[in-house]
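Down below is the structure, laid out as structure tokens.
2 protein chains.
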Amino acid sequence: MTSPLDTLIIGAGTAGLAALREVRKRTDRFLIVNDGPWGTTCARVGCMPSKMLIEAANALHARRRWENFGLCGGQDARADLPAVLERVRALRDEFVAGTLRASDAGDRAVSGRARLLDARHVEVGGRTWEARSIIVASGSRPVVPDEWLAFGDRVLTTDTLFEQPTLGPRMAVIGLGPLGAELAQALARLGVEVVAFVTSDQVAGLQDAQVNAALLEQLKREFAISVGQHAQLRELAGGIEVSNGQTTVVVDQVLAAMGRTPNIEFLGVDTLGPVLDARGLPPIEPCTLQVGDTSVFMAGDVDRDRPLLHEGADEGHIAGINAVLAAQGQPLRRFRRRVPLAITFCEPNAASVGLPWKEIESRPHLVGEVNYARQGRARVAQRNAGLLRVYASPDDGRLLGAQLCAPAGEHLAQLLALAIDRELTVQQLLRMPIYHPTLEEGLRSALRQVARQLEPASDSDLSDCENLGAAALD
Amino acid sequence: MTSPLDTLIIGAGTAGLAALREVRKRTDRFLIVNDGPWGTTCARVGCMPSKMLIEAANALHARRRWENFGLCGGQDARADLPAVLERVRALRDEFVAGTLRASDAGDRAVSGRARLLDARHVEVGGRTWEARSIIVASGSRPVVPDEWLAFGDRVLTTDTLFEQPTLGPRMAVIGLGPLGAELAQALARLGVEVVAFVTSDQVAGLQDAQVNAALLEQLKREFAISVGQHAQLRELAGGIEVSNGQTTVVVDQVLAAMGRTPNIEFLGVDTLGPVLDARGLPPIEPCTLQVGDTSVFMAGDVDRDRPLLHEGADEGHIAGINAVLAAQGQPLRRFRRRVPLAITFCEPNAASVGLPWKEIESRPHLVGEVNYARQGRARVAQRNAGLLRVYASPDDGRLLGAQLCAPAGEHLAQLLALAIDRELTVQQLLRMPIYHPTLEEGLRSALRQVARQLEPASDSDLSDCENLGAAALD
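Protein chains in written order, with this note's numbering: chain A, 1 to 474; chain B, 1 to 474.
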């Protein structure tokens, strides 16, 4: 009987590796267990390969602006899809190699499926390990209805999409959440004939109906979107028939972009004691990531809360620090979570920052907005599409949140995220210098709209004072 | 003898029009006088047309990335320069029309050259106006050596560049300040054979030698840059010979991008009383824009300080407010100026934010930097070139400034400008959520470098705490 480990980490993805970094700084009595391929979801099948596909697609799509700019040629421009995918895999492999180096823990890294026996014992491949604390970071996987498995590799997910020798020519994309919206647009721009099937017209994770409508209008110019019942697949001689009661098409491949589900079923979390919720998850304290009052911690996509890379990394660090504290019998540390930020890399970029729209909607709030169709720099660049809306408190002008689909929206979202993190008012934000001609000037218009509502009496006077960003010194 | 005006505004550019907005809200006893074409430098010959040329050039240049992305075709891509310039002028005319509407002041708008007789009298076209206060916003014009005038419209400035039916095929660009760097690169990308002549290898307004070197390396890949003596022009049968002692070339056109000089000589500022400096400028109070103790105010490019649109607009508002106060015998208001921000829209974008490098250099400071050659998102997009450096106080980690040439540098600069305006420390800035995969992650690496220098004892611990952006709640 060996003495117990301090910490056992289940999963070597983004959260597990972040936890590993914290754990190995504090103890060498740890084990990291991973089931399936090593390398993070982000690097293998998520953020990175999808962004490579998107960047290639956008580079080709830029060709559409040539005539208006006075540029000519390029009528024969097209994507060589096998070459595009080859490049995606080559660069992807470099990024994966980076994560593998980070997870190199010698004989303290074990491949195999882990199963909790209780809050202190884990079984891996027939061997039982005792650990003073356990980190569950087993990640998530794409949702695919069981009955679609019969279609083999013609029903794709992000796990398999980038492995294909080529794609299309006809593809149905099921779901237009952040991932579906990004990939449907990228594939359409690369020349795949895309039809998207959705059960609601809410896309890219946007909650504000007006911003959502603005994005939808842009996406519909590039590929067909059908809103209807859940899509049904049927084998035909010429391909797969996809139907949702509104639209029926025959395609060569189907991309299931219906979200992800936590890898939780085989973990044995029911042995931990606390009562599981309807999703099979135990109660998790969000500031410590502790499961109930056990010494088990959950981090990353597996807990379904904030399934985003930067949050998964944060959770890994929090779990790593607290798991070692728990192993040492020390009190846990509570951490402040970050301002919510979600970005979808379609064009125009979609983003949500700060409080969710549902919370904003249910309380008094002021709205300022800018339509990028008429914005100067956006017109100059022929990128003049999109809508940005900011929400602020009517009491003090404090920025509460923002939703947007806008050119360079990913950067505008980062600026807004800093402002919200620092709890700035729109007046304070209007004090920053805004260069000309920039897309940030559009954001300024939206902020000024809010400022004018805050001081209706001084109306244009106030707005001009903010023009200055200049407060009287005396 | 009519009663005096409250305020007379000389110049209807960005600063003059901003002043007009403030003045007309407060009095209808004003006059605005403009010499030459109405419409701002920005809209007519500055920011806007240059950005149109740049956006067209960059759209075409994106073609260079196609092979690596797996895209094909477009070997015949080229700029139809007459069409490019036609589009620039058409859209430019729309923007100018906007500024003309803003300056529509009926019979209180007068065309003609204004001359100060003293601090209360202005002569315009033989008529003398008395005004209780005067705003001088007469702007600036491109510098061209007198001896170059003989070459006629083959020596171009931004005043004439966009009016040409076509450009090149061979062009010398004299000077690589912000404007020269932007236009030389854009013209080269549009197929013009460009040779740039400079007297120092400092380009795009960058002061940090390392950032400057990084940008220079990129620019040299696109066009020739010769450092030498002041360029000399000589008429030859086949064109204009340009020589600087190092390099001699024969070109069809020369673009003089040697800076701008204030339109001050004919104004009669020597009649105001205060002693003029070597540049012919009177002393100006930066927070009120008052000239000496007169009721004359100077705003915009004419005062040479901060010749940027957003600063010119600020100065117009400040001068407009204070000129009316002066006319009414009220005390002047003092305004806080904005955090310095300058952006050059070459690729990668160059920017300076916060304290100038000279000031940083002369005081204790910490530096953090990131090389975008190896940055993840930049590699994915094939935009992996550039260097970003941030400077912080060693006492408290407060961000002092930054210089950069980086992909999406204009947006990174705006984020840094907000941080510096709010006097944030690098630790505070590291608390914001940074999405993945973004170019802002590169900035985060630079900030973390500074953070580690601030707390060498806890080294990676500290950096990991910042990873979290999470402070213990208890």
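All C-beta atoms, glycine included, are put in the ideal place defined by N, C-alpha and C.
Query raised in the report: At least one CB of chain A closer than 8 Å to the CB of residue 171 (chain B): is that the case?
Result: As a first step, residue 171 (chain B) must be located in the second sequence, where it is residue number 171. Judged by the 8 Å Cβ criterion, residue 171 (chain B) is not in contact with chain A.
Report task. Apply the 10 Å Cβ neighbour rule to residue 68 (chain B) and answer buried if 16 or more other Cβ atoms are within range, or exposed otherwise. Result -> The residue you call residue 68 (chain B) lines up with position 68 of the second sequence. It is exposed - the Cβ of residue 68 (chain B) has fewer than 16 other Cβ atoms within 10 Å.
**Report entry** Beta-bridge pairing of residue 284 (chain B) - partner residues as DSSP gives them
**Finding:** As a working note, residue 284 (chain B) is residue 284 in the second sequence. As computed with DSSP, residue 284 (chain B) is found in a beta bridge with B:291.
Requested in this report: Rounded to whole angstroms, what's the CA-CA distance from residue 300 (chain B) to residue 308 (chain A)? Just pull it up for me.
Outcome: Along the second sequence, read from residue 1 onward, the residue named residue 300 (chain B) stands at position 300. Along the first sequence, read from residue 1 onward, the residue named residue 308 (chain A) stands at position 308. Here the C-alpha atom of residue 300 (chain B) lies approximately 46 Å from the C-alpha atom of residue 308 (chain A).
Report task. Taking residue 417 (chain A) as the query, report the chain B residues whose CB atoms sit under 9 Å from its CB, ordered along the chain. Result -> Numbered from its first residue, the first sequence carries residue 417 (chain A) at position 417. One finds 432, 433, 434 and 435 in chain B with Cβ atoms closer than 9 Å to the Cβ of residue 417 (chain A), taken in chain order.
Report task. Return the CA-CA distance between residue 293 (chain A) and residue 109 (chain A), expressed in angstroms with no decimal places. Result -> Translated into the one-based positions of the first sequence, residue 293 (chain A) becomes position 293. Translated into the one-based positions of the first sequence, residue 109 (chain A) becomes position 109. Residue 293 (chain A) and residue 109 (chain A) have their C-alpha atoms roughly 27 Å apart.
Query - Alpha-carbon to alpha-carbon, residue 77 (chain A) and residue 461 (chain A) - result: By 1-based counting over the first sequence, the position of residue 461 (chain A) is 461. By 1-based counting over the first sequence, the position of residue 77 (chain A) is 77. Low confidence applies to residue 461 (chain A): its pLDDT is 33, below 50, so where it sits in the model is not reliable enough to give any reading.
Query raised in the report: In this structure, does DSSP put residue 22 (chain B) in helix, strand or coil?
Result: Sequence index remark: in the second sequence, residue 22 (chain B) carries index 22 (1-based). Helix, per DSSP.
Query - Rounded separation between residue 231 (chain B) and residue 224 (chain B) - CA only - result: To locate residue 231 (chain B), count along the second sequence from 1; it is residue 231. To locate residue 224 (chain B), count along the second sequence from 1; it is residue 224. Taking the straight line joining both Cα atoms gives about 15 Å.
Requested in this report: Consider the Cβ of residue 42 (chain A): report whether some Cβ of chain B lies at a distance smaller than 8 Å.
Outcome: Reading the first sequence from its first residue, position 42 is the one you call residue 42 (chain A). Answer yes: the Cβ-Cβ gap between residue 42 (chain A) and chain B drops below 8 Å somewhere.
Report task. Give the DSSP-derived three-state secondary structure of residue 370 (chain B) in the structure shown. Result -> The residue you call residue 370 (chain B) lines up with position 370 of the second sequence. Correct three-state label for residue 370 (chain B): strand.
Query raised in the report: So which of B:333, B:284, B:349 and B:436 has the shortest CA-CA distance to residue 383 (chain B)?
Result: Your numbering for residue 383 (chain B) matches position 383 in the second sequence. For the residues B:333, B:284, B:349 and B:436, the minimum Cα distance to residue 383 (chain B) belongs to B:349.
Query raised in the report: For the region 41–69 of chain A, which residues have a CB atom closer than 8 Å to at least one CB atom of chain B, in sequence order?
Result: 42, 47, 48, 51, 52, 55, 56, 59, 60, 62, 63, 65, 66, 68 and 69
Requested in this report: Taking residue 414 (chain A) as the query, report the chain B residues whose CB atoms sit under 8 Å from its CB, ordered along the chain.
Outcome: Mapped onto the first sequence, residue 414 (chain A) falls at position 414. By Cβ distance, chain B contributes 411, 415, 432, 434, 435, 438 and 440.
Query raised in the report: Of the residues that make up the region 79–93 of chain A, which ones have a beta carbon closer than 9 Å to any beta carbon in chain B?
Result: 79, 80, 81, 82, 83, 84, 85, 86, 87, 88 and 91
**Report entry** Where residue 339 (chain B) meets chain A, residues with beta-carbon distance less than 8 Å
**Finding:** Start at 1 with the first residue of the second sequence, and residue 339 (chain B) comes out as number 339. 432 and 433, listed in chain order.
Report task. Just grab the DSSP bridge partners of residue 349 (chain B) for me. Result -> Numbered from its first residue, the second sequence carries residue 349 (chain B) at position 349. Beta-bridge partners assigned by DSSP to residue 349 (chain B): B:406.
Query - Segment contact, 8 Å Cβ cut-off, at least three pairs: the region 79–92 of chain B with the region 56–71 of chain A - result: yes
**Report entry** residue 366 (chain A): contacting residues in chain B (beta-carbon distance under 8 Å)
**Finding:** Locating residue 366 (chain A) in the first sequence gives position 366, counting from the first residue. Going along chain B, no residue has its Cβ under 8 Å from residue 366 (chain A), so there is no contact; the nearest lies around 21 Å.
Query - Buried/exposed call for residue 265 (chain A), threshold 16 Cβ in 10 Å - result: Position 265 of the first sequence, counting from 1, holds the residue named residue 265 (chain A). Around the beta-carbon of residue 265 (chain A), fewer than 16 other beta-carbon atoms lie within 10 Å, marking it exposed.
Query raised in the report: Would a C-beta distance cut-off of 8 Å place residue 355 (chain A) and residue 394 (chain A) closer than the cut-off?
Result: Position 355 of the first sequence, counted from the start, is the residue given in the question as residue 355 (chain A). Position 394 of the first sequence, counted from the start, is the residue given in the question as residue 394 (chain A). For residue 355 (chain A) and residue 394 (chain A), no; Cβs fall outside 8 Å.
Report task. Note down, in chain order, all residues in the region 372–391 of chain B with a beta-carbon under 8 Å from any beta-carbon belonging to chain A. Result -> Listed by position along the chain: 376, 377, 379, 380, 381 and 382.
Report task. Spell out the partners DSSP gives residue 193 (chain B) in its beta bridges. Result -> Walking along the second sequence from the start, residue 193 (chain B) turns up at place 193. Note: residue 193 (chain B) sits in a beta bridge opposite B:170.
Query raised in the report: According to the neighbour-count rule (16 or more other Cβ atoms, all chains shown, within 10 Å of its Cβ), is residue 475 (chain A) buried or exposed?
Result: The structure shown does not extend to residue 475 (chain A), since chain A is modelled only from 1 through 474, so no value can be given for it.
Requested in this report: Step through the CB atoms of chain A and report whether any lies within less than 8 Å of the CB of residue 399 (chain B).
Outcome: Taking the second sequence and counting its residues from 1, the one referred to as residue 399 (chain B) is at position 399. So, not an interface residue.
Query raised in the report: Can you name the residues of chain B whose CB is closer than 7 Å to the CB of residue 405 (chain A)?
Result: Against the first sequence, residue 405 (chain A) aligns to sequence position 405. For the C-beta of residue 405 (chain A), not a single chain B residue is nearer than 7 Å; the gap to the nearest is close to 15 Å.
Query raised in the report: From what residue to what residue does the beta strand (DSSP E) around residue 298 (chain A) run?
Result: Translated into the one-based positions of the first sequence, residue 298 (chain A) becomes position 298. Taken as a continuous stretch (DSSP letters only), the beta strand (DSSP E) holding residue 298 (chain A) covers 296–298.
Query - CB contact flag (residue 90 (chain A), residue 60 (chain A), <8 Å) - result: Along the first sequence, one-based indexing puts residue 90 (chain A) at 90. Along the first sequence, one-based indexing puts residue 60 (chain A) at 60. For the 8 Å CB-CB criterion, residue 90 (chain A) and residue 60 (chain A) do not form a contact.
**Report entry** Three-state secondary structure (DSSP) of residue 218 (chain B)
**Finding:** Within the second sequence, numbered from 1, the residue matching residue 218 (chain B) stands at position 218. Residue state, collapsed to three classes: helix.
Query raised in the report: Are the C-beta atoms of residue 76 (chain B) and some chain A residue less than 8 Å apart?
Result: The residue given as residue 76 (chain B) occupies position 76 in the second sequence. Chain A contact via Cβ: present.
Query - Contacts that residue 310 (chain B) makes with chain A (C-beta to C-beta distance below 8 Å) - result: Here residue 310 (chain B) is taken as the residue at index 310 of the second sequence, counted from 1. Near residue 310 (chain B) (Cβ distances below 8 Å), the residues of chain A are 433, 434, 435 and 436.
**Report entry** Cβ-Cβ distance between residue 207 (chain B) and residue 358 (chain B) below 8 Å
**Finding:** As a position in the second sequence, residue 207 (chain B) is number 207, starting the count at 1. As a position in the second sequence, residue 358 (chain B) is number 358, starting the count at 1. With a cutoff of 8 Å on beta-carbon distance, residue 207 (chain B) and residue 358 (chain B) are scored as near each other.
Report task. Pick helix, strand or coil for residue 270 (chain A), following the three-state DSSP scheme. Result -> The residue given as residue 270 (chain A) occupies position 270 in the first sequence. Reduced to three states, the DSSP call for residue 270 (chain A) is helix.
Query raised in the report: In whole angstroms, what separates the C-alpha of residue 268 (chain B) from that of residue 150 (chain B)?
Result: Counting from one through the second sequence, the residue named residue 268 (chain B) turns up at place 268. Counting from one through the second sequence, the residue named residue 150 (chain B) turns up at place 150. Their backbone Cα atoms lie some 29 Å apart in a straight line.
Query raised in the report: residue 72 (chain A) touches chain B at which residues, Cβ-Cβ below 7 Å?
Result: Taking the first residue of the first sequence as 1, we reach residue 72 (chain A) at position 72. 78 and 80, listed in chain order.
Report task. Taking residue 421 (chain A) as the query, report the chain B residues whose CB atoms sit under 8 Å from its CB, ordered along the chain. Result -> The sequence position of residue 421 (chain A) within the first sequence is 421, counting from 1. Under the 8 Å cutoff, chain B gives 431, 432 and 433.
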